[in-house]
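A.B. asks: This structure is in structure tokens; I'll ask about it shortly.
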Amino acid sequence: MTKLQSTRNSAADGPTTDGRASEFGRAYRPFEHDPSFSLFARARVEAPVFWCDEIGYWVVTRREDIAPIFQDPDTFGAEIALSPVADLAPEAITVMRDGGFDSVPVQVNCNPPTHSRVREIAGTYLNAKQYRTLEPYIHAKTVAFLDAMEGKGQVDLVADLAYDLPALVIFQMMGIPDADVNRIKRWANNRLLLTFGQLTTGEQMACARDMVAYWDYCRELVAARLVEPQDDYPSALLRERNGDDDVLTIKEIESLVFGLLLAGHETTTNQTGNAFRMLLSHPEAWQAICDDPKLIPNAIEETLRFQASVVCWRRRTKRAVTIGGVEIPAGANLLLATASASRDESNFADGERFDIHRRNAREHLAFGSGIHFCIGAPLARLELRVILEEATKRFPNMRLVDDQEIEMVRTIAFRGPTKLLVELGA
Ligand code: HEM
1066 MTKLQSTRNS AADGPTTDGR ASEFGRAYRP FEHDPSFSLF ARARVEAPVF
1116 WCDEIGYWVV TRREDIAPIF QDPDTFGAEI ALSPVADLAP EAITVMRDGG
1166 FDSVPVQVNC NPPTHSRVRE IAGTYLNAKQ YRTLEPYIHA KTVAFLDAME
1216 GKGQVDLVAD LAYDLPALVI FQMMGIPDAD VNRIKRWANN RLLLTFGQLT
1266 TGEQMACARD MVAYWDYCRE LVAARLVEPQ DDYPSALLRE RNGDDDVLTI
1316 KEIESLVFGL LLAGHETTTN QTGNAFRMLL SHPEAWQAIC DDPKLIPNAI
1366 EETLRFQASV VCWRRRTKRA VTIGGVEIPA GANLLLATAS ASRDESNFAD
1416 GERFDIHRRN AREHLAFGSG IHFCIGAPLA RLELRVILEE ATKRFPNMRL
1466 VDDQEIEMVR TIAFRGPTKL LVELGA
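Under the numbering used here, the first residue of the sequence shown is numbered 1066, with each subsequent residue one higher.
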């Protein structure tokens, strides 16, 4: 079963000497968006790997250290990828246990050989060819959201576009009715906070109840497809399984559905917000993609590099290793600061500058790398392209509302604006 306790290392697992690296560890605010980028820029030079006692993780900041970690699953396990980063209250764990929550690690938080088996089967449906069949739907929904904005003057791009659209796309793949968007978005958001956030006991209890409801929903969905298969992802998994537990168990299928109902839209919702924010706060970049839509794909890569919706990911050492000159024991938690790696000057010239013409923008680590590389990356890119193509055509004079306070989602890994006010222009 997926671990419900947090997996934090204790201070005893941290550095034995109090040095420069510990200063970074004390200054780093893992749940806050700011000032992480300026801190990372200094850390990459002065202390590329530092211990953060607040979460009990070694933070790795340089691209040259992070990329090989992703490529080496024999040394760096993925089993902690979805473990709660902060300790859960026993009451919250009881709510989930008593509620029958028993999803098992599949894909992002499991290691070979289970991962290889599951990924191969998931890939028979989750692939670029299948995603392309969704383009007409993505296009039609985007146009409908933009139609609804006409004449409004000012809108919130998160509430009026980015919040629903990626969920509706995943729901198409899952065979879920549009009417369920709101409750599934709420469950998914609460799951994200429980796993990656820092909540009070009361908040944890509310999220734990939602996790149970969310899990029940996924189990019922799979049960319904067992009786009556449809043209969707759960039915495709059941078809591949063909009654054979050695191929996939029913619990693994339920867990895959549970996983995708989060991974498939929260990330893209946040990335859509980040992309608009970056492009509109650099008006010359917005103007350039309005004038020449062929620039949009690379502009998307630059927004993923400069302001990804997933800013770090996690691994655990299987043996003692040396990373960036720092000795790290076996069983240590690593926070791979991918957003830092994606600005690393050793790979990206003038990496702290947003530049939609950057030639190697696509070398960012926003989608991870190696055997767990995001299986939904082609879909996220497709959605972002269609959204930006249509929005630039329809509202070329769009601009950010001045002096708005932009609040970012507050977790260690997921970031995006909770609200983004824009003037649509004439
Ligand atoms: C901008 C949007 C997205 C971002 C930034 C993002 C980011 C990530 C990251 C960082 C990983 C972990 C990679 C690793 O461990 O090496 C991942 C894995 C994954 N993502 Fe995404 N993702 C996005 C969109 C999506 C979408 C749309 C889907 C659904 C189709 C999806 C499904 C998954 C799955 C299933 C995995 C696990 C893959 C595996 O372990 O084999 N993601 N994603």
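Idealized CB from N, CA, C, for every residue including glycine.
Have a look at G1435 and Q1136 and give me their C-alpha separation to the nearest angstrom.
C.D. replies: 5 Å
A.B. asks: In chain order, what residues of the same chain have a beta carbon less than 7 Å from the beta carbon of V1492, not counting five sequence neighbours either side?
C.D. replies: Here the chain comprises residues numbered 1066 to 1491, so residue 1492 is not present and cannot be evaluated.
A.B. asks: Note down the Cα distance separating D1356 from N1462, rounded to an integer number of angstroms.
C.D. replies: 12 Å
A.B. asks: For the ligand HEM, any of its heavy atoms closer than 7 Å to the Cβ of S1148?
C.D. replies: It does not: the Cβ of S1148 is nowhere closer than 7 Å to a heavy atom of the ligand HEM.
A.B. asks: Relative to the C-alpha of F1460, which residue among A1224, L1211 and L1230 is closest?
C.D. replies: L1211
A.B. asks: What three-state label does DSSP hand L1401 in the structure shown?
C.D. replies: It is a strand residue.
A.B. asks: Are T1266 and A1154 touching if we call contact CB-CB under 8 Å?
C.D. replies: yes
A.B. asks: What is the C-beta distance between E1470 and T1483, in whole angstroms, given that I count them as a contact (C-beta under 8 Å)?
C.D. replies: Contact flag wrong, Cβ pair sits at about 10 Å.
A.B. asks: What would DSSP say about I1186, mapped onto helix, strand or coil?
C.D. replies: Looking at I1186 - three-state DSSP - the assignment turns out to be helix.
A.B. asks: Put P1177 into one of helix, strand or coil per three-state DSSP.
C.D. replies: coil
A.B. asks: Taking one C-beta from the region 1394-1413 and one from the region 1326-1339 each time, how about it: are there three or more such pairs within less than 8 Å?
C.D. replies: no
A.B. asks: Run through the region 1204-1279 for me and flag every whole alpha helix (DSSP H) of 4 or more residues, listed as ranges in chain order.
C.D. replies: 1230-1239 and 1246-1261
A.B. asks: If we call anything under 8 Å between Cβ atoms a contact, is A1340 one with L1199?
C.D. replies: No, these two residues do not count as a Cβ contact at 8 Å.
A.B. asks: Can you give, in chain order, each stretch of the alpha helix (DSSP H) that sits fully within the region 1095-1145 and has at least 4 residues?
C.D. replies: Taken in chain order, the complete alpha helix (DSSP H) segments of 4 or more residues contained in the region 1095-1145 are 1101-1111 and 1128-1135.
A.B. asks: From which residue to which residue does the alpha helix (DSSP H) around V1451 run?
C.D. replies: A1442 to R1459
A.B. asks: Alpha carbon to alpha carbon, how far is V1386 from A1271? Give it in angstroms, no decimals.
C.D. replies: When rounded, the distance between both Cα atoms is 40 Å.
A.B. asks: Where DSSP assigns a beta bridge to M1343, which residues make up the other side?
C.D. replies: None, per the DSSP bridge assignment.
A.B. asks: Thinking just about the alpha-carbon of each residue, which of P1231, N1398 and S1168 is nearest to the one in A1442?
C.D. replies: P1231
A.B. asks: When we look at the beta-carbon of N1074 and count the other beta-carbons within 10 Å, is it buried (16 or more) or exposed?
C.D. replies: buried
A.B. asks: Give every residue of the same chain whose Cβ lies closer than 8 Å to the Cβ of S1300, excluding the five residues on either side of it in the sequence, and list them in chain order.
C.D. replies: G1240, R1290 and P1294
A.B. asks: Name the residue from I1235, Q1263, D1275 and S1374 whose alpha carbon lies nearest to the alpha carbon of R1251.
C.D. replies: Per the Cα distances, D1275.
A.B. asks: Smallest Cα separation from I1134: which of V1451, R1379 and L1444?
C.D. replies: Just measuring C-alpha positions, the residue of V1451, R1379 and L1444 sitting nearest I1134 is R1379.
A.B. asks: Name the residue from A1353, L1344 and C1283 whose alpha carbon lies nearest to the alpha carbon of T1368.
C.D. replies: L1344
A.B. asks: Between the region 1167-1185 and the region 1312-1325, are three or more C-beta pairs nearer than 8 Å?
C.D. replies: yes
A.B. asks: I'd like to check one pair, F1479 with V1322: are the Cβ atoms closer than 8 Å?
C.D. replies: no
A.B. asks: What span of residues does the beta strand (DSSP E) with S1388 cover, start to end?
C.D. replies: Strictly speaking, residue 1388 in this sequence is Ile, with Ser absent from that position. Looking at the DSSP string, the run of the beta strand (DSSP E) that includes I1388 is V1386 to I1388.
A.B. asks: In the DSSP assignment, what are the bridge partners of P1022?
C.D. replies: Outside the shown range of the chain (1066 to 1491) lies residue 1022, about which nothing can therefore be said.
A.B. asks: Where does the unbroken beta strand (DSSP E) through R1381 begin, and where does it stop?
C.D. replies: Annotation: the continuous beta strand (DSSP E) that includes R1381 extends over W1378 to T1382.
A.B. asks: What residues are listed by DSSP as bridge partners for L1465?
C.D. replies: V1487
A.B. asks: Relative to the ligand HEM, is the shortest distance from any of its heavy atoms to the C-beta of I1440 smaller than 7 Å?
C.D. replies: yes
A.B. asks: Taking a contact to mean a Cβ-Cβ separation below 8 Å, would you say E1417 touches R1427 in this structure?
C.D. replies: Not in contact: E1417 and R1427 (Cβ atoms no closer than 8 Å).
A.B. asks: Identify every residue that forms a DSSP beta bridge with V1171.
C.D. replies: Bridge partners of V1171: none, in fact.
A.B. asks: What are the residues that DSSP puts in a beta bridge with I1393?
C.D. replies: V1386
A.B. asks: Is E1366 closer than 8 Å to V1208 when the C-beta atoms are compared?
C.D. replies: no
A.B. asks: Would you kindly report the start and end of the unbroken alpha helix (DSSP H) that includes I1354?
C.D. replies: P1348 to D1356
A.B. asks: State the start and end residues of the unbroken alpha helix (DSSP H) segment that holds F1323.
C.D. replies: For F1323, the enclosing alpha helix (DSSP H) has its first and last residue at I1315 to A1328.
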